[in-house]
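J.: One structure follows; several queries about it will come next.
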Amino acid sequence: MGIFEKLMKIDRRYIFVMIAVAIILPTIYEVRMKIDISEPVKRIYDRVESLKPGSVVLISNDYDPAAKAELYPMTLAVLRHCFRKNLKVLAMNLWPQGAGLVRMALSTAAKEYKKENGSDYVFLGYKPGGAVVIIGMGQNLLGTFPKDADSKPLAELPLIKEKGIKTLKDIPLVIAIGAGVPGIDAWVVYGKDQYGFSLVGGCTGVMATDYYPYLNSGQLSGLMGGLKGAAEYETLVGRPDEATRNMSPQSFSHLVIIAFVILGNIALIVEKSKKKRR
Amino acid sequence: MAAEVSEKKLEEKKSRVVILVALVGIFVAVNIYLFAAGRLPSNFEGLGIMIAAGLSLAIYSFLYRDNPIYKFAEHIYIGLSVGYIIVYNYYNALKPNLLDKLFFPPPGERAELWLIVPLFFGILMFFRFSPKHAWVSRWSFAFIVGYGSGMAIPRGVKTMIFAQMEATLRPIEFFDMYGNFNFTAIATLIAIVGILAVLIYFFFSLEHKGPLKVASRVGVWFIMIAFGAQFGYTVMARMSLLIERIRFLLGDWLNVLRS
């Protein structure tokens, strides 16, 4: 059996082991790589930067722990940016399983920038209904979320009173970080086009290609895709964290996959030509 | 011959059980060392990390082959997720929005009797569990489908078709206001060629011959490139999940990472 024939019949578990090694070694030895900033991510950063201190930003975190690796670093980086700019943050979930993660991100970022719950940020919590929730918020935000996640009446919270927030029209920027349905699509279809706020998005790598047309049409003002997007945002904010650390193992694992794709194709071509000759 | 085969299978099964027990033994031994050496805190946090590490390894054991430990972890995951969603929805939706308003209104407030209507339609959904009476649940589904379609179709058409068409039909500006060449115009041109070629590929009323054949081949190339981009992003996403788990195992569990 020739080398290429062996390669064609390689046990897939050898590939798993090689990928594991490609991830474990750079993780242990903390190999760092330069993160280049892409235009769609830069546009999110610039949009947040363009807001005046005290402006309200709504962050909708529509994901669950299965997408934590990619989307939690995005949430944290965006929160750090907002708090550094002294923006007021409303956070919410359209997915029930993401509530704990958002609470964790809020408390981490708030502690770092000494922000107060109720006056600097409000966690609205989870509301079932997806698109219906967005439409409801567009008509009457306090009616859709009468209480925050800690069961405090929303209308009595300093942030809501001070800013006079009644509907989505009172919010200049919505950041939708989503892993599926309901998520960015729902915010584009039922929110942005209806109520006219500026919308930027963050999504898992799997979904990124679906959202690029929204960038082209201007329905999304910026987009972060997958771990790379999160790492870019961390770099822009100047707080390299989990996503930035995970980019070098990511690159090494990609190199292994690329090598196997090339080798696999060479083996296929060689074997095919051998068969033809026979 | 048959006896030999069954004996071989029995042997294989035995060796698998031995491997399984050995792996569980190694996992227990590693945890005892981690707790004894103070690498894992001796409290509920440490216990949580140990359980999470065990379940992560159990799920990844599927990469070797299907096994009972993987199935055990998989069932725990599904059970926990469903249980969490039910409880979370009960306390965040069903109780405050329906039960409290209908049956336990705050003192001085009246019960909102109109909520009997959604309650009624909600109860009808449970008829799905009875094959004989499943048709009753169609009333609720009819309501959901009617409401959902009415809400989604006009907005969907406007946002996903008209807005995208408008973006495609915008005039291409090859030069900006200062007379410099606008490179994004090339991207727009490529997008327009791609849209037309892919549309022609899916146009089946005429036989794909001559110029139509060429255009549809170009369409296939665009589709393949789109699939490639999607696959690349999918690989990146899956790797991200693996990296996060490996970082958890090396950092939080084994404590061998510096940061």
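Chains P and G, in that order, give the protein sequences.
Taken in order, the first sequence gives residues 1 to 278; the numbers are from the numbering used here.
Taken in order, the second sequence gives residues 279 to 537; the numbers are from the numbering used here.
The beta carbon of each residue, even a glycine, is placed where N, CA and C say it ideally should be.
A quick note: this is a predicted structure, and the numbers were derived from the prediction, not measured.
Does the beta carbon of Arg-13(P) sit closer than 8 angstroms to a beta carbon anywhere in chain G?
T.: Position 13 of the first sequence holds residue 13(P). Chain G contact via Cβ: present.
J.: Do the segment 134-145 of chain P and the segment 16-32 of chain P touch if we need at least three Cβ pairs shorter than 8 angstroms?
T.: In short, these stretches do not touch, since the Cβ pair count stays below three.
J.: Between the segment 413-436 of chain G and chain P, which residues of the former have a C-beta closer than 7 angstroms to a C-beta of the latter?
T.: Within the segment 413-436 of chain G, the residues whose Cβ lies closer than 7 angstroms to some Cβ of chain P are Met-429, Arg-433, Gly-434, Lys-436, listed in chain order.
J.: Which chain P residues are close to Glu-390(G), counting only those with a beta carbon under 8 angstroms from its beta carbon?
T.: For the purposes of this step, residue 390(G) is taken as residue 112 along the second sequence, with counting starting at 1. Those within 8 angstroms of Glu-390(G) in chain P number zero; the least Cβ separation is about 13 angstroms.
J.: Just to confirm, is the Cβ distance from Leu-101(P) to Ile-177(P) under 8 angstroms?
T.: In the first sequence, residue 101(P) corresponds to position 101, counting from 1. In the first sequence, residue 177(P) corresponds to position 177, counting from 1. In this structure, Leu-101(P) lies away from Ile-177(P), with their beta-carbon atoms at least 8 angstroms apart.
J.: What are the start and end residues of the alpha helix (DSSP H) that includes Phe-350(G)?
T.: Taking the second sequence and counting its residues from 1, one reaches residue 350(G) at position 72. Segment 346-367, the alpha helix (DSSP H) holding Phe-350(G).
J.: Are the segment 24-42 of chain P and the segment 222-241 of chain P in contact at 8 angstroms, needing three or more beta carbon pairs?
T.: Counting C-beta pairs closer than 8 angstroms gives three or more between the segment 24-42 of chain P and the segment 222-241 of chain P, which meets the contact rule.
J.: For Val-102(P), decide whether its Cβ has a neighbour in chain G, counting only Cβ atoms nearer than 8 angstroms.
T.: Within the first sequence, numbered from 1, the residue matching residue 102(P) stands at position 102. The C-beta of Val-102(P) comes no closer than 8 angstroms to any C-beta of chain G.
J.: Tell me whether the beta-carbon of Ala-131(P) lies closer than 8 angstroms to the beta-carbon of Ala-67(P).
T.: Position 131 of the first sequence holds residue 131(P). Position 67 of the first sequence holds residue 67(P). The answer is no: Cβ separation not under 8 angstroms.
J.: Over what stretch of residues does the alpha helix (DSSP H) that includes Gly-138(P) continue unbroken?
T.: The count along the first sequence starts at 1 and reaches residue 138(P) at position 138. Per DSSP, the continuous alpha helix (DSSP H) segment holding Gly-138(P) begins and ends at 131-139.
J.: Across which residues does DSSP place Pro-153(P) in a beta bridge pair?
T.: On the first sequence, residue 153(P) is found 153 positions in, with the first residue counted as 1. Pro-153(P) pairs with Lys-147(P).
J.: Taking the Cβ atom as the reference point for each residue, do Ser-198(P) and Pro-182(P) lie within a distance shorter than 8 angstroms?
T.: Here the question's residue 198(P) lines up with position 198 in the first sequence. Here the question's residue 182(P) lines up with position 182 in the first sequence. Contact: no.
J.: What do you get for Asn-265(P), buried or exposed, if any count of 16 or more other CB atoms within 10 angstroms of its CB means buried?
T.: One-based indexing of the first sequence puts residue 265(P) at position 265. With fewer than 16 Cβ atoms within 10 Å of its Cβ, Asn-265(P) is classed as exposed.
J.: Which residues in the same chain as Ile-450(G) place their Cβ atom closer than 6 angstroms to its Cβ, once the five residues preceding and following it in sequence are excluded?
T.: Translated into the one-based positions of the second sequence, residue 450(G) becomes position 172. Only residues of its own chain outside the window of five on either side were considered, and among them Ala-463, Thr-466 have a CB closer than 6 angstroms to the CB of Ile-450(G), listed in chain order.
J.: Under the rule that 16 or more other beta-carbon atoms within 10 Å means buried, what is Phe-123(P), buried or exposed?
T.: Position 123 of the first sequence holds residue 123(P). The residue in question, Phe-123(P), is buried, as its Cβ has 16 or more Cβ neighbours within 10 Å.
J.: Could you name the residues of chain G that Pro-182(P) contacts, counting a contact when the two beta carbons are closer than 9 angstroms?
T.: For the purposes of this step, residue 182(P) is taken as the residue at position 182 of the first sequence. The premise fails here: Pro-182(P) is roughly 12 angstroms from chain G at the closest Cβ pair, so nothing lies under 9 angstroms.
J.: Is the shortest distance between the beta-carbon of Asp-46(P) and the beta-carbons of chain G less than 8 angstroms?
T.: As a first step, residue 46(P) must be located in the first sequence, where it is residue number 46. Cβ-Cβ to chain G under 8 angstroms: no for Asp-46(P).
J.: Would you kindly work out how many angstroms separate the C-alpha atoms of Tyr-479(G) and Ala-493(G), rounded to a whole number?
T.: Here residue 479(G) refers to the residue found at position 201 when the second sequence is read from its first residue. Here residue 493(G) refers to the residue found at position 215 when the second sequence is read from its first residue. When rounded, the distance between both Cα atoms is 7 angstroms.
J.: Can you tell me the Cα-Cα spacing of Arg-13(P) and Lys-6(P), whole angstroms?
T.: As a working mapping, residue 13(P) is identified with position 13 in the first sequence. As a working mapping, residue 6(P) is identified with position 6 in the first sequence. Whole-angstrom Cα-Cα distance: 14 angstroms.
J.: Would you tell me roughly how many angstroms separate the C-alpha atoms of Thr-204(P) and Gly-324(G), rounded to the nearest one?
T.: In the first sequence, the residue the question calls residue 204(P) occupies position 204. In the second sequence, the residue the question calls residue 324(G) occupies position 46. Distance between the alpha carbons of Thr-204(P) and Gly-324(G): 30 angstroms.
J.: For Asn-93(P), which residues does DSSP report across the bridge?
T.: What you label residue 93(P) is simply residue 93 of the first sequence in a count that begins at 1. Beta-bridge partners assigned by DSSP to Asn-93(P): Tyr-126(P).
J.: Determine, using beta-carbon pairs with one atom in the segment 115-129 of chain P and one in the segment 88-98 of chain P, whether at least three such pairs fall under 8 angstroms.
T.: yes
J.: Since Leu-215(P) contacts Pro-40(P) with CB under 8 angstroms, what's their CB separation in whole angstroms?
T.: Locating residue 215(P) in the first sequence gives position 215, counting from the first residue. Locating residue 40(P) in the first sequence gives position 40, counting from the first residue. Right, the Cβ-Cβ distance comes to about 6 angstroms (below 8 angstroms), so this counts as a contact.
J.: What span of residues does the alpha helix (DSSP H) with Asn-309(G) cover, start to end?
T.: For the purposes of this step, residue 309(G) is taken as residue 31 along the second sequence, with counting starting at 1. From DSSP, the alpha helix (DSSP H) with Asn-309(G) extends over 280-314.
J.: Just to make sure I have the definition right: I need the residues of chain P whose C-beta is within less than 7 angstroms of the C-beta of Glu-387(G). Which are they?
T.: As a first step, residue 387(G) must be located in the second sequence, where it is residue number 109. Near Glu-387(G) there are no residues of chain P at all, since even the closest Cβ is about 13 angstroms away, more than 7 angstroms.
J.: Taking 8 angstroms as the threshold (beta carbon to beta carbon), is Leu-528(G) in contact with chain P?
T.: Taking the first residue of the second sequence as position 1, residue 528(G) is located at position 250. Yes - at least one Cβ of chain P is within 8 angstroms of the one on Leu-528(G).
J.: Taking 8 angstroms as the threshold (beta carbon to beta carbon), is Val-513(G) in contact with chain P?
T.: Here residue 513(G) corresponds to residue number 235 of the second sequence, with the count starting at 1. Output row for Val-513(G): interface = yes.
J.: Smallest Cα separation from Ser-107(P): which of Phe-83(P), Ile-134(P), Pro-128(P)?
T.: For the purposes of this step, residue 107(P) is identified with residue 107 of the first sequence, where counting begins at 1. If we check each option's Cα against that of Ser-107(P), Phe-83(P) comes out closest.
J.: So, for Ser-253(P): in the same chain, excluding its five sequence neighbours on each side, which residues have a beta-carbon less than 6 angstroms away from its beta-carbon?
T.: The residue given as residue 253(P) occupies position 253 in the first sequence. Result list for Ser-253(P): Ile-19, Ala-22, Ile-23, in chain order.
J.: Interface residues of chain P around Val-534(G) at Cβ under 9 angstroms?
T.: Within the second sequence, numbered from 1, the residue matching residue 534(G) stands at position 256. Neighbours of Val-534(G) in chain P, taken as residues whose beta carbon is under 9 angstroms from its own, are Ile-28 in chain order.
J.: Compare the beta carbon distance of Ala-57(P) and Ile-135(P) with 8 angstroms and say whether it is the shorter of the two.
T.: Counting from 1 along the first sequence, the entry for residue 57(P) is found at position 57. Counting from 1 along the first sequence, the entry for residue 135(P) is found at position 135. Ala is not the amino acid found at residue 57(P); the sequence shown has Val there. Going by C-beta atoms, Val-57(P) is not nearer than 8 angstroms to Ile-135(P).
J.: Could you spell out where the alpha helix (DSSP H) holding Ala-22(P) opens and where it closes?
T.: Taking the first residue of the first sequence as 1, we reach residue 22(P) at position 22. Per DSSP, Ala-22(P) belongs to the alpha helix (DSSP H) from 12-29.
J.: By Cβ distance below 8 angstroms, which residues in the same chain neighbour Leu-397(G) in space, the five residues on each side in sequence not counted?
T.: Position 119 of the second sequence, counted from the start, is the residue given in the question as residue 397(G). Result list for Leu-397(G): Leu-376, Leu-380, in chain order.
J.: I need the DSSP call for Met-74(P), collapsed to helix, strand or coil.
T.: Translated into positions along the first sequence, residue 74(P) becomes position 74. DSSP places Met-74(P) in helix when its eight states are reduced to three.
J.: I believe Trp-531(G) touches Ala-331(G) by the beta-carbon criterion, under 8 angstroms. Please report the beta-carbon distance rounded to the nearest angstrom.
T.: Translated into positions along the second sequence, residue 531(G) becomes position 253. Translated into positions along the second sequence, residue 331(G) becomes position 53. About 4 angstroms; that satisfies the 8 angstroms criterion.
J.: Which first and last residues belong to the beta strand (DSSP E) in which Asp-64(P) is found?
T.: Locating residue 64(P) in the first sequence gives position 64, counting from the first residue. DSSP places Asp-64(P) in no beta strand (DSSP E); its state is neither H nor E.
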